[in-house]
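If you count the sequence shown from 1, you need to add 1300 to reach the numbering used here.
From the three backbone atoms N, C-alpha and C, an ideal C-beta is built for every residue, glycine too.
Since the model is a prediction, treat every value here as computed from it, not as a measurement.
Here is the structure we will look at, set down as structure tokens.
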Amino acid sequence: MTISIWRYSHLALAVSSFVFIILASVTGIILGFQPISEQLQPYNTENLNNITVAETIAVFKATYPEIIDIKVDDNDFVIASVFTEDGDNLEGYFNPKTAQFLGEEIKPSKFFQWVTSLHRSLFLKSVGRFFVGLCSFLLFLIAITGTVLILKRQRGIKQFFAKIVNDNFNQYWHVVLGRLLLIPILIITATGVYLSLDKFQLLPENKTEHSIDFDAVSETPKVELSEIEAFKNTPLSEVKAIEFPFSPDVEDYFTLTLKTKELLINQITGTVLSETKTPLVNIFTNLSLNLHTGKGSILWSVILIIASINILFFIYSGFAMTLNRRKTRIKNKYKSDKADIIILVGSENGSTFTFANAFYKALISKGEKAFITEMNDFTNFPEAKQMVIITATYGQGEAPTNANQFLKKFKTENIKDDLKFSVVGFGALAYPDFCKFAIDVDKTLQQKHQQLLPIFTINDKSVEAFNQWTSQWSDASGIPVKIAEQALATKPKQLKKIKVLSKTKTNTDDTFLLTFKPKKHHKFTSGDLLAIYPKNDHCERLYSIGKVNGNIQLSVKLHKNGFGSGFLFTSEVNEKIKARLVKNSAFHFPKNASKVIMIANGTGVAPFLGMLNQNKNTTTHLYLGLRTEASFQLYKNDIDGFISSEKLNTFNLALSRENEKQYVQDLLLNDAEAIAKTLYGNGIIMVCGSLAMYKSVLAVLEDIVTKFNNKPLSYYQNKQQIKSDCY
């Protein structure tokens, strides 16, 4: 079954059972507190495993002249019905060690009874119970299909709990909470279905009956109750009920009901008259009831409450993602058969549409006949001269839901040969299959058509990278397109003022170091990101930071007409700017790695300077690519200090404009065997800098591990041994 079928099934099931999920979740949250309130009552006896049935019966017999029965409920409270010397009937909780009466049995309040009825049948009796059972089954299927989606996203069971990129609040927490509470939700839904089947008597009947030969029942030898073997060898923790004989006649007997069997015991000789096993259906029914309601366990009740709350969040996040996808759709100005430029979009949660729509609007504003649609809507566009494909990648390098039929359709459609195309891939470098679907699309299109531009890949929805591609496309197509800044704006959140402590002059590469003093309550570390908003608009610029002596340090290249770099360069010492810190946990310095190899070019060295400053005893090696020796002077003092303090074990510098003109990947090849051993020994490789450098480094690493370790690089990527933050 394809992943698209799973996704559509997941959505259809969620919508069809929407009302029930709301009611079941809310009532489930309320009912989760009932077993907790019961458990908090002062009727519990510790260590029922250490009290035998013989001891309890003996003390009860010595205290009360007549005993009807003794029960142990799901809370391990002992409940009995007895008559006192005065002929009074006592029913309720007792101490099994002393036979002391503790209090009357607590019944659920009318409120809990009302909520229980709503939860079980919606006040519709049998019809309601049937609907509840059906919806429980649908919710169970939702949990199953959701699990399949997570497995596809996380590349199998082994990576089920691996870190995921937080590029969308709703999608991120939908997956994270779904993984954590998957088992409780499956248990809630499965037991709900089972109890409904039991209620409608749809489970197989397995009744067992006792058979007693009363002619063979003996009155000798007489044994004291405390000496009956069945009572002596049975702890009270195994007991569900003890029914006492109505009379002293030999034909009357004890009925001892345990969790897995039932015994009929001669009250005089202690002989077991009959023994039957409890049917599995009954055992499973009782287990299902306890698991579904939380009876007998405060911890499990709390888990059920959290799971029920989480189901409500699933509803919110699921519909929020759906609405987000719908919000990104726009109406086309031109029909598809009249358009010169076709924009095809592949997006799983709608974020890629934001970029595609911005590009579409820019074309329309220039008077171009453009048409935008989903990749699955691909057909023969008769007037099209250019085709732009903007797509994300899902799961294991697969197509998003609205693009999973594209390649099949493309191969069957007869498209004119002179159509030129461009492919833009969105993804996250934290995943091994970075932009794989976009790459597959580009390769397929090259078989029939001409590239206007080589494939362009974008990490973590970088606005700056998308603008770079737009500029390249404008040059190649001859259509001057510029994306309006507000079109890709993101609303700033939690902006705080940070103070400029120091700023260096620019070096020969127009690069400078900038240090900020954060507020005391700011929590961050090297590898996190600093988001700034240069023109007080909503256009965010992100910079990877190093934490140096508790301060925020950036390495920034001043670009001509660069809003972000220009804004930072013109800031003055002691000036305060508004910014926010963005956690980037996928690129933090590993705590337990024995060895870390750092690879950077240009300003990508910034987080590594902070990591080395914080390093205590981890073996570290730095490979840095710059243009010239003069470029290196900006970082020389810091790196020399790290080497002398043994925070950095080896340093390798590649200069691309001087001497042998090397790049960092050339240095890696020189140390190929050592790098292979690092990965083999569970060491970590961290890469920061340009995306072009990153791709070249990955290619070299692939060759190294294939040659020396006989494993593909994806093996180490899946083990989170390759960390990256590139742009």
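Extent of the continuous beta strand (DSSP E) run through Glu1575: For this step, residue 1575 is matched to residue 275 along the sequence shown. Its beta strand (DSSP E) spans residues Val1572 to Lys1577.
Ile1303 burial status per 10 Å Cβ neighbour count (16 or more: buried): For the purposes of this step, residue 1303 is taken as residue 3 along the sequence shown, with counting starting at 1. Its pLDDT being 49, under 50, Ile1303 is placed unreliably in this model, and the value from its coordinates should be taken loosely. Looking at its Cβ environment, which holds 16 or more other Cβ atoms inside 10 Å, Ile1303 is buried.
Burial state of Gln1750 (16 or more Cβ within 10 Å): Indexing the sequence shown from 1 puts residue 1750 at position 450. By the 10 Å Cβ count, Gln1750 comes out exposed.
Cβ-based neighbour list, Lys1805, same chain, cut-off 8 Å, excluding 5 preceding and 5 following: For the purposes of this step, residue 1805 is taken as residue 505 along the sequence shown, with counting starting at 1. Closer than 8 Å at Cβ, skipping near neighbours: Phe1812.
Reduced DSSP category for Gln1962 - H, G, I as helix; E, B as strand; rest coil: Translated into the one-based positions of the sequence shown, residue 1962 becomes position 662. Gln1962: coil per DSSP, three-state reduction.
Thr1903 in three-state terms, based on DSSP: One-based indexing of the sequence shown puts residue 1903 at position 603. Correct three-state label for Thr1903: helix.
Collapsed DSSP secondary structure at Pro1700 in the structure displayed: Position 400 of the sequence shown holds residue 1700. Three-state result, Pro1700: coil.
Where the beta strand (DSSP E) containing Leu1558 begins and where it ends: One-based indexing of the sequence shown puts residue 1558 at position 258. First-last of the beta strand (DSSP E) with Leu1558: Tyr1553 to Leu1558.
C-beta atoms of Leu1573 and Asn1566 nearer than 7 Å: If you number the sequence shown from 1, residue 1573 lands on position 273. If you number the sequence shown from 1, residue 1566 lands on position 266. For Leu1573 and Asn1566, yes; Cβs fall inside 7 Å.
Sufficient close CB pairs (3 or more, under 8 Å) joining the stretch 1513-1528 to the stretch 1479-1493: no
Cβ distance (whole Å) where Ile1611 is taken to contact Ser1956 below 8 Å: As a position in the sequence shown, residue 1611 is number 311, starting the count at 1. As a position in the sequence shown, residue 1956 is number 656, starting the count at 1. Incorrect: roughly 55 Å between the Cβ atoms, too far for contact.
Buried versus exposed call for Glu1674 [16 or more other C-beta atoms within 10 Å across all chains shown]: Locating residue 1674 in the sequence shown gives position 374, counting from the first residue. With 16 or more other Cβ atoms within 10 Å, it is buried.
Beta-carbon spacing of Leu1979, Gln2021 below 7 Å: Within the sequence shown, residue 1979 is the residue found at index 679, counting from 1. Within the sequence shown, residue 2021 is the residue found at index 721, counting from 1. Their beta carbons are under 7 Å apart, which means Leu1979 touches Gln2021 by this criterion.
Buried versus exposed, by CB contacts within 10 Å (16 or more), Glu1958: Here residue 1958 corresponds to residue number 658 of the sequence shown, with the count starting at 1. Exposed is the call here.
When Glu1840, Thr1815 and Thr1808 are compared against Leu1788, the one with the closest alpha-carbon: As a working mapping, residue 1788 is identified with position 488 in the sequence shown. Selected option, being the one with the closest Cα: Glu1840.
Under the three-state DSSP convention, the category Cys1735 falls into: Translated into positions along the sequence shown, residue 1735 becomes position 435. Three-state result, Cys1735: coil.
Length-filtered (3 minimum) beta strand (DSSP E) runs lying within the stretch 1458-1546: 1539-1543
First through last residue of the beta strand (DSSP E) which encompasses Val2114: Examination of residue 2114 is not possible in this model, given that the chain is present from 1301 through 2027 alone.
Distance between Ile1367 and His1419 (C-alpha atoms, nearest Å): Position 119 of the sequence shown, counting from 1, holds the residue named residue 1419. Position 67 of the sequence shown, counting from 1, holds the residue named residue 1367. If you take the alpha carbons of His1419 and Ile1367, they lie about 37 Å apart.
Lys1252 versus Leu1926: straight-line alpha-carbon distance, rounded: The question about residue 1252 has no answer here: the residues shown for the chain are numbered 1301 through 2027.
Sheet register partners of Lys1847 (DSSP bridge): Here residue 1847 refers to the residue found at position 547 of the sequence shown. BP columns for Lys1847 point to Ile1852.
Simplified DSSP assignment, three categories, for Cys1435: Stepping through the sequence shown from its first residue, residue 1435 is reached at position 135. In this structure, Cys1435 counts as helix in the three-state DSSP scheme.
Entirely enclosed beta strand (DSSP E) segments - the stretch 1943-2015, minimum 3 residues: 1950-1955 and 1984-1989
Rounded straight-line distance, which links the Cα of Glu1338 to that of Val1523: Mapped onto the sequence shown, residue 1523 falls at position 223. Mapped onto the sequence shown, residue 1338 falls at position 38. Straight-line Cα distance between these residues: approximately 39 Å.
Beta carbon of Ala1354 nearer than 7 Å to that of Phe1531: If you number the sequence shown from 1, residue 1354 lands on position 54. If you number the sequence shown from 1, residue 1531 lands on position 231. Cβ atoms of Ala1354 and Phe1531: closer than 7 Å.
CA-to-CA distance, Phe1554 to Ile1568, given in whole angstroms: Here residue 1568 refers to the residue found at position 268 of the sequence shown. Here residue 1554 refers to the residue found at position 254 of the sequence shown. Answer to the nearest angstrom: the Cα atoms are 10 Å apart.
8 Å Cβ shell around Ile1609 - same chain, five flanking residues per side excluded: As a working mapping, residue 1609 is identified with position 309 in the sequence shown. Correct list, in chain order: Ser1325 and Ile1329.
Nearest to Asn1702 (by Cα), restricted to the options Phe1431, Glu1648, Phe1737 and Ile1689: Stepping through the sequence shown from its first residue, residue 1702 is reached at position 402. Among Phe1431, Glu1648, Phe1737 and Ile1689, the Cα nearest to that of Asn1702 belongs to Glu1648.
Terminal residues of the alpha helix (DSSP H) in which Arg1420 lies: One-based indexing of the sequence shown puts residue 1420 at position 120. Its alpha helix (DSSP H) spans residues Lys1410 to Ser1421.
Test item: CB-CB of Gly1727 and Asp1374 under 7 Å: Here residue 1727 refers to the residue found at position 427 of the sequence shown. Here residue 1374 refers to the residue found at position 74 of the sequence shown. Not a contact, by the Cβ cut-off of 7 Å.
Minimum C-alpha distance to Gly1904 - residue among Ile1406, Ser1945, Gly1866 and Leu1829: Start at 1 with the first residue of the sequence shown, and residue 1904 comes out as number 604. The shortest Cα separation from Gly1904 among Ile1406, Ser1945, Gly1866 and Leu1829 belongs to Leu1829.
Backbone CA spacing between Val1475 and Met1621 [nearest angstrom]: Your numbering for residue 1475 matches position 175 in the sequence shown. Your numbering for residue 1621 matches position 321 in the sequence shown. Roughly 12 Å separates the two Cα atoms.
Counted within 10 angstroms of its Cβ, other Cβ atoms place Asp1552 as buried (16 or more) or exposed: Walking along the sequence shown from the start, residue 1552 turns up at place 252. Result: exposed.
Alpha carbon of Ile1664 to alpha carbon of Ala1684, nearest angstrom: Sequence index remark: in the sequence shown, residue 1664 carries index 364 (1-based). Sequence index remark: in the sequence shown, residue 1684 carries index 384 (1-based). Going by the C-alpha atoms only, they are around 15 Å apart.
Cβ contact check for the stretch 1910-1926 and the stretch 1855-1865: 3 or more pairs under 8 Å: no
Three-state secondary structure (DSSP) of Ile1568: In the sequence shown, residue 1568 corresponds to position 268, counting from 1. In this structure, Ile1568 counts as coil in the three-state DSSP scheme.
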